[in-house]
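Novice:
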Amino acid sequence: MQGKTTADHVDVLVVGAGPAGLMMATWLAKCGIKTRIVDKRGTKVFNGQADGLQCRTLEIFDSFGFGHRAWIESNHMLEICLWNPDKDGVIQRSSRIADTIPGISRFQQVVLHQGRIERFFLDAIKDFSNGEVAVERGVMPTSLKIDADSVEDPDAYPVTVQLRHLGEEESTPKQTATMSNGSSVQDGLFRSNMAADDTADLLKAAELNAKANTTEEVKAKYVVGADGAHSWVRKEIGLKLEGDSTDYIWGVLDIIPITDFPDIRMRCAIHSATSGSIMVIPRENKLVRLYIQLTTTEKTGEQDSRTDRSSITPEVILESAQRIIAPYKLSYRKLDWWTAYQIGQRVGSSFGVHDRVFLAGDAVHTHSPKAGQGMNVSMQDSYNLGWKIANVVKGVADRSILKTYETERKGIAHALINFDRKFSRLFSGRPARDIMDEEGISMEEFKNAFQKGNLFASGIAVDYDNSVIVSKPEEGQSDSAAQSLAPELKIGQRIPSVKVLNQSDARPWHLQELLRSNGTWRVILFPGDISKTKQKDRMLSLCQELANPSSFLKRFTPSGSRYDSIIEVLTVHAAKRTDVDMFDFPEVLRPYDEVEGWDYHKIFVDDQSYHEGHGQLYETFGIGREGGCVVVLRPDQYISCVAARNIAALHGPPRCWLPSQPRRTAAQSNNNTKQPQIAKKPSACHSQSKMYSAQIEAWIQQVIDPSSLPRNSSSRNRKRKFPHAQHHHDHPTGLSSPPPSNMNSSTSSDADPEATPRASIPSKRRRLANDAALNLHLQHPSEHLNDDPSTPTRSTKTSTTGASKSARSRSPVKNMADLALAEKPVRFTYLKSRGDLPADVKSLLNHIKMVGSGRDILPEPVVDMVQASLGLMDPDVTDDNSYSKNLWTVGNGSDVIDWDVNDEFKTLQKVARRTELCISENVSEASWNTRVHDLLLDVALTPFQGCISHWDVTRAPITKSYLPRHGSGIDLQAKMVDFCITLDGEPTRRQVVEHLRSTNHKSINHTDYQPLRFRPIAISIETKTPDGSTEEAKAQLSVWTSAYISRLRELTATSQKAAGLGITLPIINIKGGQWELLLAVDYLDRIEILQVGTIGDTTSVLSCYKLVAAMRWLAVWAVTVFGDWLKNNALLPISSDGSLGIQTPND
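Residue numbers are given in my numbering: position 535 of the sequence shown equals residue 1257, and the series is strictly consecutive.
#1: What are the start and end residues of the alpha helix (DSSP H) that includes Leu-1264?
#2: For Glu-1810, I'd like the list of residues in its chain whose CB is within less than 7 Å of its CB, leaving aside the five on either flank, ordered along the chain.
#3: Just to check, is the beta-carbon of His-1728 closer than 7 Å to a non-hydrogen atom of the ligand MN?
#4: Can you tell me the Cα-Cα spacing of Tyr-1340 and Ser-785, whole angstroms?
#5: Go ahead and pull the three-state DSSP assignment for Asn-1850.
#6: Which runs of the alpha helix (DSSP H) at least 4 residues long sit entirely within the segment 1685-1758? Give them in chain order.
#7: Cutting at 8 Å between CB atoms, please list the residues of its own chain near Val-1623, excluding the five before and the five after it.
#8: DSSP beta-bridge partners for Met-1001?
#9: What are the boundary residues of the alpha helix (DSSP H) that Val-1838 is part of?
#10: Compute the Euclidean distance between the alpha carbons of His-1323 and Pro-1308, then round it to the nearest angstrom.
#11: Hey, could you find the ends of the beta strand (DSSP E) Ile-1288 is sitting in?
#12: If you draw a straight line from the alpha carbon of Ser-1206 to that of Glu-1753, how long is it in whole angstroms?
#13: Taking Phe-1274 as part of the beta strand (DSSP E), name the residues at either end of that continuous run.
#14: May I ask you to verify whether the segment 1209-1216 touches the segment 861-869, counting CB pairs closer than 8 Å and requiring at least 3?
#15: Where does Tyr-944 fall in DSSP's three states?
#16: Give a yes or no on contact between the segment 1066-1076 and the segment 983-994, applying the rule of three or more CB pairs nearer than 8 Å.
#17: Any idea what DSSP makes of Asn-1176, helix, strand or coil?
#18: Short check: CB of Ala-942 to CB of Val-883, under 8 Å?
#19: Would DSSP call Phe-843 helix, strand or coil?
#20: Considering only their Cβ atoms, is the gap separating Leu-1107 from Ala-1137 smaller than 8 Å?
#21: Would you kindly work out how many angstroms separate the C-alpha atoms of Ser-997 and Asn-1170, rounded to a whole number?
#22: Look up Thr-1816 in the DSSP assignment and give the residues it is bridged to.
#23: Compute the Euclidean distance between the alpha carbons of Gly-889 and Ile-839, then round it to the nearest angstrom.
#24: Just grab the DSSP bridge partners of Gly-696 for me.
#25: On the criterion of 16 or more Cβ atoms from any shown chain inside 10 Å, does Gly-1815 qualify as buried, or is it exposed?
#26: Do Ala-1757 and Lys-1697 have their CB atoms nearer than 8 Å?
#27: Enumerate in chain order the residues of its own chain whose CB-to-CB distance from Ser-1853 is below 7 Å, with the five nearest sequence positions on each side excluded.
#28: How long is the line joining the alpha carbons of Thr-1300 and Val-1327, rounded to whole angstroms?
#29: Taking Thr-779 and Asn-1098 to be in contact with their CB atoms under 8 Å, please state how far apart those CB atoms are, rounded to whole angstroms.
#30: Report yes if the CB atom of Thr-1729 is closer than 8 Å to the CB atom of Glu-1647, and no otherwise.
#31: Report the residue from Ile-813, Ser-817, Asp-808 whose alpha carbon sits nearest the alpha carbon of Glu-801.
#32: Can you grab the Cα-Cα spacing for the pair Ala-1634 / Asp-1578, in whole Å?
#33: Take His-1087 and list the residues in its own chain whose beta-carbon comes closer than 6 Å to its own, dropping the five residues that flank it on each side.
#34: Express the C-alpha separation of Phe-1178 and Gly-1784 in angstroms, rounding to a whole number.
#35: Would DSSP call Val-734 helix, strand or coil?
#36: What separation, rounded to the nearest whole angstrom, lies between the Cα atoms of Arg-1771 and Asp-982?
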């Protein structure tokens, strides 16, 4: 019998109490938002699961006040050892590299099991909410409905969720593993992507369980689904994950190892010759985590590639590990946890709906765990979203900022998937035996990827693009000078940290320690050396404006709230600390409270400390001591804006960050408070300080509306009052530097899993090496800026290698107008007559024209099947459409490739069906590529196996030296295409390798992308969705082709004064299902791309056959005309038995 249904209203309902859900609940509790968090599991995690913590994640933990706990209890990752097989196949240590790039953060990467991390969050939530918010376990949502009519009403509760309370049995995952002695061991298969979704089973069990007889209805303003890869929330709102999985199956063991392997306490990547790979992660309390490739496990059928997990046991995983690590011995007596997973990379089609229901973490992106990214990126999703929801709920910000969650985090998710795909391929692949072994993985490439991936893996490289809350200047705009005043404070990135001293007591702090996560926006004033009269006068004049009752600081602070409850002003000056004192600064920079007195935690100095050196902040950030600037920080410590001091040159206020004033709540609409207006354009007669203040105010006006702020310290709809959330004056209380690891200071979680160890904080702080010696070379801004406001291009990032005269910035390419300004312009023209055709493609175009008329496109055996498949408007099949010869003779005539024409017909049927589906479902470009275009190319190039291949090149960067250059001398922005058709086969590759050895080049092409290094590109292909930008496609093809022509000119020693390269390059532009042929022709002073026309489409089976025939004639041209030209003009000759060539069907 079902129990009584109750109802509740909350600001935010969080579904899922893993790291992503707990991060969200922590933010909301800190900001005083009425929140509930539910999880269908009966308990938190106690061991196993995720374990790696990035530098950025530790910075975030520290901003919440519990970073020191993770730092003390965790194992610190300092070095990576790479082990590879020698010439005899025996593994040996081949290299050592730093695990964390020195100097990028005050923290290094660490490992600590997920159970302890969750405990830190739970303690923080309890503390921040005064016990009002706690995880409600054994609670499962059963339905979710959205009132679409009220989603834009800020006071509405448009999301209704039904919750069912489960009993103990249903809420406990079934974990069946045992140790050899018969004792039970927890496994993580119930959370693995190899486990089926058990939500339906839990619901069914709940119906039969007498304990699970209560339901309730929750009405929420916002819902966050952080409920894992099998996300119930994602399915309820109709979203899905897009991507694929691989054949690679990996097992995971958390053990105390017994081994003679010398690097067992180092992070190791071990590649064996034939048995797979291991990742070694040393953990806390003598534990070691082993990620072990199970090479004997394959996919099980086409319909479902999930492996039967019942066949995977700790013993099976250990046996694989012993084979990989041989000749070293490995065993264990204590197994703490284990699981298995299949590598897959998927990203959600969207990150939410209506800006009311959001997805975070594994609910919206999944990947392999070896790179240590999953838990970190999941938590950072919630960290990005939490403060935005809190600001909106409290009336501080407009709902439009919620749209930035998907725009900011989806790009990170895709970058993560690309990183993981490459990393997983390199880690899972077999080591290459030599340079010609292209099926194997280059260990040098693996090492380079490991090193380059360290910055991404640290979480420091996140760079958010322009939005309503990130104001990156456009190239040519006068406010672009502002970024140049602090070139190492990159707008869109998190603010770095160096040591500063408190002006009042000389105590050193890391800058980031002053930026507590409490929902507050911050304005940091860097006034320079205020011992100089000019600098001090500027500061005093500015502060006079800030102290004015009409200033944004006064108007945006709610009545009765603390002065820093919405915007906190911090100052870091560059004078000698002993030359000034706190009372030399205006009161607005050191606010006064009648109870607490002066605020001694707002003014800091970049100066020498007694015990911890000099932070050199101004030098590190590139700020002039006689200049200065103002930096605006978001509540998550990312830089929103850098304001210039010399704003007399500005033509008006900076760009507005919100498209309109924030919506007023229903209660606020009843009062007559006047809406603040955008700051007017400053006149030349205004003082610099007044314009300076106006510039900041114009920004702040668009983000925060005082009329939408609550009139007192509590929200009208808030039922719970959290004392910690009412006051935003979180003084820095964490460690000035991370304390040294001290495992003895924490209580063992084995004795009491729920116990919270309270480690004592060391009385002495130790200085982190390299913190005061960041090796940053600052590039000084040019005195002459382009102040033409009509310039359409966006400024690029300031180079960090400004000391090098060869360092150049990149000019972005948005359309063909930008290519017209290149040193060697690229122009698109229409092919008007056959007389305009270059001689080397005339025969090719004749064949393609013949195909367009329908001649010789169908093998005779499939004519009847094609006729039966025709649509009502399709022309009937005729004798001219068919040909009798269904095989092609390749090479010197000795090799014959036959293929099944019936299978070909079925495949092209599939291509046509998928084209229709892709159009109707409006899928992404990546889906078009994998589901349609790649399949069509497979079919078209089947007869050319051994001499032609095609490759996905979406991750093939152009080598910088071949990039086309703007007329001003700077490189144009690199562009990539989607596919390349290349010459292939042993004779070609042997010839290419010999040539590269003689020239010291790494690649025959204009990219060092591994699959293209020894395969000359014959045809390049760019793809777009049906509604994709044609102009962008042209720009991408132009940059790519221009770079390739530069490489071919170098390859053939073609003089820059020569009339042209001497070969035409076919390129293809695909838009949806339509394939267009273009021809690139090189001249002395330009490159012309001739637009030939459409050569086919994939909308029907018959049109697919036409397209296949056209592509085969292009392949014929590639092997004969292009291959012969390359051999005769670029490559060293090879023996006659390896000649290139092809015999084609009779015309």
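Each residue gets a CB set at the ideal place from its N, CA and C atoms; glycine is no exception. Just so you know, these numbers come straight off a predicted model, no measurement behind them.
Specialist: Taking the definition as stated:
#1: On the sequence shown, residue 1264 is found 542 positions in, with the first residue counted as 1. 1255-1268 is the extent of the alpha helix (DSSP H) around Leu-1264.
#2: Residue 1810 sits at position 1088 when you count from the first residue of the sequence shown. So the list reads Arg-1549, Thr-1551, Val-1803, once near-sequence residues are dropped.
#3: The ligand content of the structure shown is nil, which means the ligand MN is not present either.
#4: As a position in the sequence shown, residue 1340 is number 618, starting the count at 1. As a position in the sequence shown, residue 785 is number 63, starting the count at 1. Taking the straight line joining both Cα atoms gives about 23 Å.
#5: Sequence index remark: in the sequence shown, residue 1850 carries index 1128 (1-based). For Asn-1850, the three-state secondary structure derived from DSSP is helix.
#6: 1708-1721
#7: Counting from one through the sequence shown, the residue named residue 1623 turns up at place 901. The residues are Pro-1581, Pro-1583, Val-1584, Asn-1608.
#8: On the sequence shown, position 279 is the one that residue 1001 refers to. Met-1001 is bridged to Ala-991, Tyr-1013.
#9: Translated into the one-based positions of the sequence shown, residue 1838 becomes position 1116. Looking at the DSSP string, the run of the alpha helix (DSSP H) that includes Val-1838 is 1823-1839.
#10: Numbered from 1 along the sequence shown, position 601 holds the residue referred to as residue 1323. Numbered from 1 along the sequence shown, position 586 holds the residue referred to as residue 1308. If I take the Cα positions, the gap works out to 14 Å.
#11: Working through the sequence shown from its first residue, we reach residue 1288 at position 566. Premise fails: Ile-1288 is in no beta strand (DSSP E) and is neither H nor E.
#12: Here residue 1206 refers to the residue found at position 484 of the sequence shown. Here residue 1753 refers to the residue found at position 1031 of the sequence shown. Their Cα atoms are separated by approximately 31 Å.
#13: Taking the sequence shown and counting its residues from 1, the one referred to as residue 1274 is at position 552. In the DSSP annotation of this structure, Phe-1274 is not part of any beta strand (DSSP E); the continuous alpha helix (DSSP H) holding it starts and ends at 1274-1277.
#14: Flag = no, the segment 1209-1216 and the segment 861-869 do not touch.
#15: The count along the sequence shown starts at 1 and reaches residue 944 at position 222. In the structure shown, Tyr-944 sits in a strand (DSSP, three-state: E or B).
#16: no
#17: Taking the sequence shown and counting its residues from 1, one reaches residue 1176 at position 454. DSSP places Asn-1176 in helix when its eight states are reduced to three.
#18: Taking the first residue of the sequence shown as 1, we reach residue 942 at position 220. Taking the first residue of the sequence shown as 1, we reach residue 883 at position 161. Closer than 8 Å, so yes.
#19: For the purposes of this step, residue 843 is taken as residue 121 along the sequence shown, with counting starting at 1. Phe-843: helix per DSSP, three-state reduction.
#20: Indexing the sequence shown from 1 puts residue 1137 at position 415. Indexing the sequence shown from 1 puts residue 1107 at position 385. No, they are not a contact pair.
#21: Position 275 of the sequence shown, counted from the start, is the residue given in the question as residue 997. Position 448 of the sequence shown, counted from the start, is the residue given in the question as residue 1170. Rounded to the nearest angstrom, the two C-alpha atoms are 23 Å apart.
#22: Here residue 1816 corresponds to residue number 1094 of the sequence shown, with the count starting at 1. The partner list for Thr-1816 (beta bridge, DSSP) reads Glu-1798.
#23: On the sequence shown, position 167 is the one that residue 889 refers to. On the sequence shown, position 117 is the one that residue 839 refers to. Answer to the nearest angstrom: the Cα atoms are 26 Å apart.
#24: Residue 696 lies beyond the range of the chain shown here (723 to 1869); nothing can be said about it.
#25: For the purposes of this step, residue 1815 is taken as residue 1093 along the sequence shown, with counting starting at 1. Answer is exposed; the Cβ neighbour count stays below 16.
#26: The count along the sequence shown starts at 1 and reaches residue 1757 at position 1035. The count along the sequence shown starts at 1 and reaches residue 1697 at position 975. A contact, by the Cβ cut-off of 8 Å.
#27: For the purposes of this step, residue 1853 is identified with residue 1131 of the sequence shown, where counting begins at 1. In the sequence under discussion, the amino acid at residue 1853 is Leu, which differs from the Ser named in the question. The residues Gln-1713, Val-1714, His-1717, in chain order, have a CB closer than 7 Å to that of Leu-1853 in the same chain once the five nearest residues on each side in sequence are set aside.
#28: Numbered from 1 along the sequence shown, position 578 holds the residue referred to as residue 1300. Numbered from 1 along the sequence shown, position 605 holds the residue referred to as residue 1327. Between the alpha carbons of Thr-1300 and Val-1327 lies a distance of about 10 Å.
#29: Residue numbering aside, residue 779 sits at position 57 when the sequence shown is read from its first letter. Residue numbering aside, residue 1098 sits at position 376 when the sequence shown is read from its first letter. Their Cβ separation, rounded to whole angstroms, is 5 Å, which keeps Thr-779 and Asn-1098 in contact under 8 Å.
#30: For the purposes of this step, residue 1729 is identified with residue 1007 of the sequence shown, where counting begins at 1. For the purposes of this step, residue 1647 is identified with residue 925 of the sequence shown, where counting begins at 1. Not a contact, by the Cβ cut-off of 8 Å.
#31: Residue mapping note: residue 801 aligns to position 79 of the sequence shown, counting from 1. Among Ile-813, Ser-817, Asp-808, the Cα nearest to that of Glu-801 is on Ser-817.
#32: Reading the sequence shown from its first residue, position 912 is the one you call residue 1634. Reading the sequence shown from its first residue, position 856 is the one you call residue 1578. Spanning the two alpha carbons is a distance of roughly 20 Å.
#33: Residue 1087 sits at position 365 when you count from the first residue of the sequence shown. Excluding positions up to five away in sequence, the list reads Val-1069, Ala-1135.
#34: Counted from its first residue, the sequence shown places residue 1784 at position 1062. Counted from its first residue, the sequence shown places residue 1178 at position 456. Answer to the nearest angstrom: the Cα atoms are 43 Å apart.
#35: The residue given as residue 734 occupies position 12 in the sequence shown. The answer is strand: DSSP assigns Val-734 an E or B state.
#36: Numbered from its first residue, the sequence shown carries residue 1771 at position 1049. Numbered from its first residue, the sequence shown carries residue 982 at position 260. Straight-line Cα distance between these residues: approximately 56 Å.
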